[in-house]
Amino acid sequence: MQALHIIKIGGNVIDNSENLHRFLKDFTALDGYKILVHGGGKVATQISETMGIEAKLVDGRRITDIDTLRIVTMVYAGLINKNIVAQLQRYGNNAIGLTGADGDFIRAKKRPVKTIDYGFAGDLFEGSINPQNISKLLDGGFTPVFCALTHDGEGQLLNTNADTIASALAVALSALFETTLVYCFEKKGVLQDINDEDSLIREINPERYEKLKTEQIIHSGMLPKMDNAFTAISCGVKAVIIGHSDDLGQIKNKQGFGTRLSK
1 MQALHIIKIG
11 GNVIDNSENL
21 HRFLKDFTAL
31 DGYKILVHGG
41 GKVATQISET
51 MGIEAKLVDG
61 RRITDIDTLR
71 IVTMVYAGLI
81 NKNIVAQLQR
91 YGNNAIGLTG
101 ADGDFIRAKK
111 RPVKTIDYGF
121 AGDLFEGSIN
131 PQNISKLLDG
141 GFTPVFCALT
151 HDGEGQLLNT
161 NADTIASALA
171 VALSALFETT
181 LVYCFEKKGV
191 LQDINDEDSL
201 IREINPERYE
211 KLKTEQIIHS
221 GMLPKMDNAF
231 TAISCGVKAV
241 IIGHSDDLGQ
251 IKNKQGFGTR
261 LSK
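Numbered per UniProt numbering, the sequence shown spans residues 1 to 263.
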């Protein structure tokens, strides 16, 4: 099986041009097949404010009404995605910028209204990802760059969580490739002490994860990320790595980059 890295970046990379350029150079230098997944950083919120449209968030989740959907489509699929693709071409990486609608790669269902109406937010389901079509791009020498937009198959674009997209891609493609999922964020990885960057925990298996939860070393916002990561591993993903985008160049050294989660 060919190796495949699926790497997700967030606002700490997207919102800083120096960080982004450094990351994209390291990303280009990675051996083998690779896919990049990105969100929108703060740009969509800034442009919303410029256009007089108030960004609505509930518990950190964006309410995607029709005006917001238009903005995130312009920003995610246009401004951010094409800037990333152009920079990757500059570094010799033949990237292709995509939404889930392109090539029917990723379908989603509009989130049902319960206590909160999230508008045009899309939730993934079993069979959302089309791994055969994506593998054709990889085999053709392209590097897919996915933004956080999907579609419902009925002509409607949907705003979908980028972490969820990255995890679903890794699970679906693990049947065809030896897949490693990498989350780049603002810390070096999972830390024994959140205030000490030198307290990096290099490896975590399910047993150690339960212990770290009991000790309250891993808690709050990290819990859903970690739960999703171990779910992906149980579904066939080789490993999930959480680390800082600045350190991506060290990924070839298994002891050099982030926290590795495995069985």
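Heads up, the beta-carbon is just placed ideally off N, CA and C, and yes, glycines get one too.
Quiz item: Under three-state DSSP, which class holds R123?
Solution: According to the sequence as given, residue 123 is Asp; it is not Arg. Taken through DSSP and simplified to helix, strand or coil, D123 comes out as strand.
Exercise. Let me know the secondary structure DSSP gives Y91 once reduced to three states.
Key: coil
Exercise. Check V43 in the structure and name its three-state DSSP category.
Key: helix
Exercise. Starting from T28, follow its DSSP beta bridges and name the residues at the other end.
Key: Per DSSP, none; premise fails for T28.
Quiz item: With distances taken between CB atoms, is the gap from T150 to A108 smaller than 8 Å?
Solution: yes
Exercise. Verify whether the separation of the beta carbon atoms of T259 and I194 is less than 8 Å.
Key: no
Quiz prompt | For N159 and R62, believed in contact at Cβ under 8 Å, the rounded distance | solution = About 7 Å; that satisfies the 8 Å criterion.
Practice problem: Please name the residue, chosen from Q89, H244, L181, I66, that lies closest to V37 on a Cα-to-Cα basis. | Solution: L181
Practice problem: Could you check what DSSP says for F146 in three-state terms: helix, strand or coil? | Solution: F146: strand per DSSP, three-state reduction.
Quiz item: For F125, does the count of other Cβ atoms within 10 angstroms reach 16, so buried, or fall short, so exposed?
Solution: exposed
Exercise. Rounded to whole angstroms, what's the CA-CA distance from F120 to L169? Just pull it up for me.
Key: 21 Å
Exercise. Determine whether the Cβ of L69 lies closer than 8 Å to any Cβ atom of chain D.
Key: Among the protein chains of the structure shown there is no chain D, as only one such chain exists.
Practice problem: For D163, count neighbouring C-beta atoms within 10 Å of its own C-beta (all shown protein chains included) and say buried if the count is 16 or more, exposed if not. | Solution: By the Cβ neighbour-count rule, D163 is buried, with 16 or more other Cβ atoms within 10 Å of its own.
Self-check item: Contact under 8 Å by Cβ, T179 with I47
Solution: no
Exercise. Would you identify the three-state DSSP class for R61, choosing helix, strand or coil?
Key: strand
Exercise. Give the range of the alpha helix (DSSP H) segment to which F230 is assigned.
Key: Here the alpha helix (DSSP H) through F230 covers 222 to 234.
Quiz item: To which residues does DSSP link A239 through a beta bridge?
Solution: Note: A239 sits in a beta bridge opposite T180.
Exercise. Count the other CB atoms, across all protein chains shown, that sit within 10 Å of the CB of M226; report buried if there are 16 or more and exposed otherwise.
Key: buried
Self-check item: Close Cβ partners of D15 (< 8 Å) along its chain, the five nearest in sequence each way excluded
Solution: Hits under 8 Å: G41, K42, V43.
Practice problem: Please classify A175: is it buried, with 16 or more other beta-carbons within 10 angstroms of its beta-carbon, or exposed? | Solution: exposed
Quiz item: Do you know whose CA, among C147, A95, D117, lies nearest Y33's CA?
Solution: A95
Quiz item: For F185, which residues does DSSP report across the bridge?
Solution: H244
Quiz item: Which residues does DSSP pair with L169 in a beta bridge?
Solution: Residue pairing for L169: DSSP places it in no beta bridge.
Quiz item: Mind checking L223: buried by the 16 CB within 10 Å criterion, or exposed?
Solution: exposed
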